Each structure stands twice: as structure tokens, then as C-alpha cells.
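Asks: Take a look at this one; I'll ask things after.
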Amino acid sequence: MATVVGNGGGSGDRPGARGRATVPGRQGVTGPELATPPLVVRRREEEETVVTFPALVYREFLAASAITAFLMLVSTWVNAPLLQRANTAITPNPAKAPWYFLGLQELLERFPPVMAGVAFPTFVIVGMMLTPYIDKNPSRRPQDRKVAIVLMTIYIMLAVAFVVIGVFFRGTAFTWQWDRLLGHPGVHPGT
Amino acid sequence: MRASGAGPNPLVRFASQIWGSIFRHGLPSTDKVAARTALTNFFLHIHPVRVKKSAIRVSYTLCLGGLSFFLFILLTISGLFLMFYYIPSVDQAYQNIKDLQFVETFGLVTRNLHRWAAHGMVITVWLHMARVFYQGSYKPPREFNWAIGSILLVVTLLLSFSGYLLPWDQLAVWAITVGTNMAKYAPIGGPYTRYVMLGGRTVGQGALIRFYVLHVVALPLIGFILMVIHFWRVRKDGFTGGL
Ligand code: HEM
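Which chain is which? The protein sequence lines are A and B, in order. Each residue of the first sequence is one higher than the one before, counting from 1 in my numbering. Each residue of the second sequence is one higher than the one before, counting from 1001 in my numbering.
Take a look at the structure:
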């Protein structure tokens, strides 16, 4: 037995209706999600609800406290880096971008600058924003979304790999070096 | 505590009248009281009164959106304290940071907190994006909220990046030099873009004041407005809920 909450246009009692539903008599409208306001279909047996306060607020409080405690601990023991005063005459070697941009810097090492520095990031950001409009598969079940999941996983793995390479394996002149992991006589690993 | 529960002592009665005028409904003793509390409280109003049980399972959101927001608040507060001591001038900025580290009470821990929370927020926002993707929560009607989220990810990165320059040490200046060098390669107006970002050809006072204003005013404001819209839409569309 499904109960429709909200103004779904009166098409809610179809058994098994999930997500959005098309409204009969409005066939002219191509985008059903434009014609139909957000429709929440709640199945009584499965979708039990609880009051937000305290059930959810309590969890939020716990999560916030936990991360505050964790960050306070880290901040007590690990100091944020502060090197010598900026000096434009001395270029550190290697000069690295912050870690979350090291993927980009890595690409710059491997591809022509116009591609790595401009075309590629633009493609990723625009592609990301357009994802829901490109992926028209209505199902949310993982077994129906193999392509999407594989593509995203490849992307995430590449992104993480590039950051790890940038942080740990790029040494002088941004060339590949093992020293940071394995150490080097007279040189302290890591920054 | 009940607002009407006046004690015999006039002082207690007075106190409970004040308390009752601030918190109109008591602690959630029953679902009804809880619902009314959530409805009438400004801060709780961001939530619906009831939520699907499956939607608030920790294993569903992993708290990641909420944690991103909380880190944003933490960064705003710690950043505010740092602002009392920090002067965005190439002659003073580095010394201000040194003072924070070694002279000001709690300066060191505040700076550390701000720095690590910033890294943390980049990570939680990324992971939040991944969880939304893997659960297909970007599908209609939430397409546009995903797009807003994408901009929020970019804003988060820019916030972190703009803050990176402020300590004015070797790490800061050269990371920004490398970072902004990438802009040079745009086929149209690349060097010009970089010039506008830095307010000059090299990373100097022009760049410092630009990054400072972006970091403490413009980007947090943009981020905050986008978050408000993001949350509003989450609220209106409801949580996607369990699979
Ligand atoms: C500053 C960054 C962000 C903040 C503070 C934020 C916050 C939140 C919060 C609190 C929720 C509620 C559910 C949850 O806790 O997971 C949420 C849901 C959502 N977020 Fe974000 N978010 C951010 C960035 C993003 C990004 C980068 C994306 C994707 C590109 C995104 C897409 C979504 C979508 C589609 C939902 C609805 C999910 C559902 O209904 O299950 N958000 N966000």
C-alpha cells in the first residue's frame, strides 16, 4: 500500500510507484519532472519515519562533536606548515601546488598546457554539472548502473592516484623520485 | 522544561518565564512536542519535521554533507579569530602569522584548526559528491541541485586555494605561482587572466590583497548563498532515501 505525500497530481496509488510519476492528461509536456512537482512516494510498510528532533539532530550533534574533537586533537599535535618568509628570488625545488591541485600539475607534466591546464579541467567541471542530464537512466539500483559506476570509479581512482603521485613521488624539478617514501641520506622525507 | 510549570519561588517562576519565552516548547518528551519544537525553532527549521528512517541512517549519507557544512561553520569561526590578528600586507602578514604561532594566546591552535579543517572540508565535500553519485541521488528531480553542488565543490577548492597564499611564506607564494601559472595557458587571454588574478605579473602585494578579499568576503559569501539554495532544495525534494 503506497501513500502519496505532496501534490503528485493524483497518480500516486499505482502499486510500486517509485520516484516521479507521469500525470495522465498532460501528455503534451515532455519533461514530466517539470509538469509534476516533486513527488514523494512513501510506502507505509518499508518507509518508517521518525521525528527529526531529536532523532536526526542528535546524530548531527554527535557527528559535529566527533569531528571537532578530532580536529582539536590533530591541531594540538600537528602544526600547520610555515616556511621561511616569501622570497621571490629563491625558487623552492620542487615548487608544488596545494595537494588538491597536484592532479592538475601532474597533467601539465604529461600533456600540452592548453589541454592539461584549460581544456581538461573545463571538460571535467562542465561534464560534472551536466552528469544528471546526460545519464538518463532512471534507476538508482547499482546493478542497473554499471557503466556510470565504472566510469566514476575510474575517474576517482585516477584523481586519487595523481594526487598521491604528486605528493609522494615528485621530487626535484617535479621528476619522479622515490626519496620521499624511502628516504635519502641527508634528506628528510616529506615536507 | 515546561514554560507553564511555575515554581512557588518567584525567582524560579521569573526564570522559567524567561526560559519559556525563548524556548516555546519543551524537550521532546512526545512526538507531538518534538514536532512542534522543530517547527517553531529557527535553527531546526532547516529540517523537515519527520524524516524517513532510511534517510538518516549513518550508512546512507555518511554524514558527509552535514560534516561539510559543519566544517564550513568551524572555518568561519576560527577564521574570524585569525582576522583579528592578520594584516594583508606583504610587510606584515608573515610576522602576524609568526605572532599567532608563538605569541598570541591560543593563536597556534586556532591557526592549526583553521588549516586542518580546510583540508578536511576539501575531503568531505569530495566524498559527499562521491556518495551522491554512487547512490544515484542526482537523478530527477535533483539534477539542478547536483549542478549547484558542483559549483560548491569549485568554490570550496577556490576558498582553500585563496587561503593558501595568506601566510606569505615560501610555501604559499610558490604554490600560488605554480597554481596561477596554469591560467596562463588559456588559448584566449591566458596571460591576461593571470594578470587579473594576481593584480600584477608576479605574486606580490596586488595578489595578496586580491586573494585576501576573495578568501574572507567574496568566496564565503558565494559559498554561503549556494549552500542556502542547496539545503533549500534538499529540503523541498526530500532525501532520496535508502536504495
Ligand atoms: C560546500 C559543499 C557542500 C555542502 C555543505 C553540502 C551539503 C549537503 C547536505 C547537508 C546534504 C543533505 C544530505 C547529506 O548530508 O548528505 C546534501 C545533499 C545533496 N548534495 Fe550536497 N553539499 C555540498 C556539495 C555538494 C556537491 C559537490 C555535490 C555534487 C556535485 C552535491 C550534491 C548533492 C545532492 C544531489 C544532494 C541530495 C542528496 C539526496 O537527496 O540524497 N553537494 N548536501
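Built from N, CA and C at the ideal position, the CB exists for glycine as well. Predicted, not measured: the structure shown is a model, and the values here were computed from it.
Closest to residue 1198 of chain B by C-alpha separation, out of B:1177, B:1027 and B:1217, would be which residue?
Replies: Taking the first residue of the second sequence as 1, we reach residue 1198 of chain B at position 198. Taking only the C-alpha atoms, the option nearest residue 1198 of chain B is B:1177.
Asks: By Cβ distance below 6 Å, which residues in the same chain neighbour residue 59 of chain A in space, the five residues on each side in sequence not counted?
Replies: By one-based count along the first sequence, residue 59 of chain A stands at place 59. Result list for residue 59 of chain A: empty, nothing under 6 Å.
Asks: By Cβ distance below 6 Å, which residues in the same chain neighbour residue 1125 of chain B in space, the five residues on each side in sequence not counted?
Replies: Here residue 1125 of chain B is taken as the residue at index 125 of the second sequence, counted from 1. Answer for residue 1125 of chain B: 1068, 1153 and 1156, listed in chain order.
Asks: Taking 8 Å as the threshold (beta carbon to beta carbon), is residue 106 of chain A in contact with chain B?
Replies: Counting from one through the first sequence, the residue named residue 106 of chain A turns up at place 106. Not closer than 8 Å to any Cβ of chain B, the Cβ of residue 106 of chain A fails to qualify, so no.
Asks: Give me the residue from B:1046, B:1227, B:1049 and B:1217 with the minimum Cα distance to residue 1150 of chain B.
Replies: Taking the first residue of the second sequence as 1, we reach residue 1150 of chain B at position 150. Ranking the options by Cα distance to residue 1150 of chain B, first place goes to B:1227.
Asks: For residue 92 of chain A, tell me which candidate among A:181, A:182, A:179 and A:173 has the shortest Cα-Cα distance.
Replies: Residue 92 of chain A sits at position 92 when you count from the first residue of the first sequence. When each option's Cα is compared against that of residue 92 of chain A, the closest is A:173.
Asks: Return yes when at least one heavy atom of the ligand HEM lies under 7 Å from the C-beta of residue 1146 of chain B, else no.
Replies: Locating residue 1146 of chain B in the second sequence gives position 146, counting from the first residue. Residue 1146 of chain B: yes, Cβ under 7 Å from the ligand HEM.
Asks: Just verifying my parser: in three-state terms, what is the DSSP assignment at residue 1051 of chain B?
Replies: Working through the second sequence from its first residue, we reach residue 1051 of chain B at position 51. It is a strand residue.
Asks: Rounded to a whole number of angstroms, what is the C-alpha to C-alpha distance between residue 1233 of chain B and residue 1095 of chain B?
Replies: Numbered from its first residue, the second sequence carries residue 1233 of chain B at position 233. Numbered from its first residue, the second sequence carries residue 1095 of chain B at position 95. Going by the C-alpha atoms only, they are around 44 Å apart.
Asks: Determine which residues share a DSSP beta bridge with residue 51 of chain A and list them.
Replies: Here residue 51 of chain A corresponds to residue number 51 of the first sequence, with the count starting at 1. For residue 51 of chain A, which the question treats as bridged, DSSP gives the partners B:1050.
Asks: Based on Cα-Cα distance, which residue from B:1131, B:1145, B:1220 and B:1239 lies nearest to residue 142 of chain A?
Replies: Start at 1 with the first residue of the first sequence, and residue 142 of chain A comes out as number 142. Checked all of B:1131, B:1145, B:1220 and B:1239; the closest Cα to residue 142 of chain A is B:1131.
Asks: I'd like the list of long-range same chain contacts for residue 1230 of chain B, defined as Cβ closer than 8 Å, with 5 residues on each side in sequence excluded.
Replies: In the second sequence, residue 1230 of chain B corresponds to position 230, counting from 1. Hits under 8 Å: 1145, 1148, 1149 and 1152.
Asks: Runs of 4 residues minimum, wholly inside the region 77 to 155 of chain A: which ones carry the alpha helix (DSSP H) assignment?
Replies: You should have 102 to 110 and 120 to 134.
Asks: Between residue 1156 of chain B and the ligand HEM, is the CB less than 7 Å from at least one heavy atom?
Replies: Taking the first residue of the second sequence as 1, we reach residue 1156 of chain B at position 156. Yes, Cβ of residue 1156 of chain B sits closer than 7 Å to a heavy atom of the ligand HEM.
Asks: The alpha helix (DSSP H) with residue 1196 of chain B in it runs from where to where?
Replies: In the second sequence, counting from the first residue as 1, residue 1196 of chain B sits at position 196. Where residue 1196 of chain B is concerned, the enclosing alpha helix (DSSP H) stretches over 1190 to 1198.
Asks: Counting only beta-carbon separations shorter than 8 Å, does residue 181 of chain A have a partner in chain B?
Replies: Mapped onto the first sequence, residue 181 of chain A falls at position 181. No, residue 181 of chain A does not count as interfacial toward chain B.
Asks: Residues of chain A with CB under 9 Å from residue 1104 of chain B, in chain order?
Replies: For the purposes of this step, residue 1104 of chain B is taken as the residue at position 104 of the second sequence. Ordered by position in chain A, no residue passes the 9 Å Cβ test against residue 1104 of chain B, which lies about 14 Å from the chain.
Asks: With burial defined as no fewer than 16 other Cβ atoms inside 10 Å of the residue's Cβ, what is the status of residue 1169 of chain B: buried or exposed?
Replies: Indexing the second sequence from 1 puts residue 1169 of chain B at position 169. With 16 or more Cβ atoms within 10 Å of its Cβ, residue 1169 of chain B is classed as buried.
Asks: Which of the residues in the region 1161 to 1191 of chain B, read from start to end, lie with their CB under 7 Å from any CB of chain A?
Replies: Cβ contacts with chain A: 1161, 1164, 1167, 1168, 1169, 1170, 1171, 1172, 1173, 1174, 1175, 1177, 1178, 1179, 1182, 1185, 1186 and 1187.
Asks: Assuming the contact rule is C-beta atoms closer than 8 Å, residue 1108 of chain B and residue 1100 of chain B should be a hit. Round their C-beta distance to whole Å, please.
Replies: By one-based count along the second sequence, residue 1108 of chain B stands at place 108. By one-based count along the second sequence, residue 1100 of chain B stands at place 100. Between residue 1100 of chain B and residue 1108 of chain B the Cβ distance is about 7 Å, and since that is below 8 Å, they are a contact.
Asks: Per DSSP, what kind of secondary structure is residue 59 of chain A in: helix, strand or coil?
Replies: Translated into positions along the first sequence, residue 59 of chain A becomes position 59. Correct three-state label for residue 59 of chain A: helix.
Asks: Assign residue 106 of chain A to buried or exposed, taking buried as 16 or more other Cβ atoms, counted over all protein chains shown, within 10 Å of its Cβ.
Replies: Residue numbering aside, residue 106 of chain A sits at position 106 when the first sequence is read from its first letter. Buried is the call here.
Asks: To the nearest angstrom, how far is it from the Cα of residue 1073 of chain B to the Cα of residue 1097 of chain B?
Replies: Reading the second sequence from its first residue, position 73 is the one you call residue 1073 of chain B. Reading the second sequence from its first residue, position 97 is the one you call residue 1097 of chain B. Computed Cα separation, rounded: 22 Å.
Asks: So the candidates are B:1220, B:1205, B:1050 and B:1218; which of them puts its Cα closest to the Cα of residue 1034 of chain B?
Replies: Counting from one through the second sequence, the residue named residue 1034 of chain B turns up at place 34. Comparing Cα-Cα distances from residue 1034 of chain B to each of B:1220, B:1205, B:1050 and B:1218, the minimum goes to B:1050.
Asks: Does residue 1225 of chain B pass the burial test, meaning 16 or more other C-beta atoms within 10 Å, or should it be called exposed?
Replies: Walking along the second sequence from the start, residue 1225 of chain B turns up at place 225. Exposed, since its Cβ has fewer than 16 Cβ neighbours within 10 Å.
Asks: Tell me which residues of the region 1196 to 1215 of chain B have at least one Cβ-Cβ distance to chain A shorter than 9 Å, keeping chain order.
Replies: Of all residues in the region 1196 to 1215 of chain B, 1202, 1203 and 1204 have a Cβ within less than 9 Å of some Cβ in chain A.
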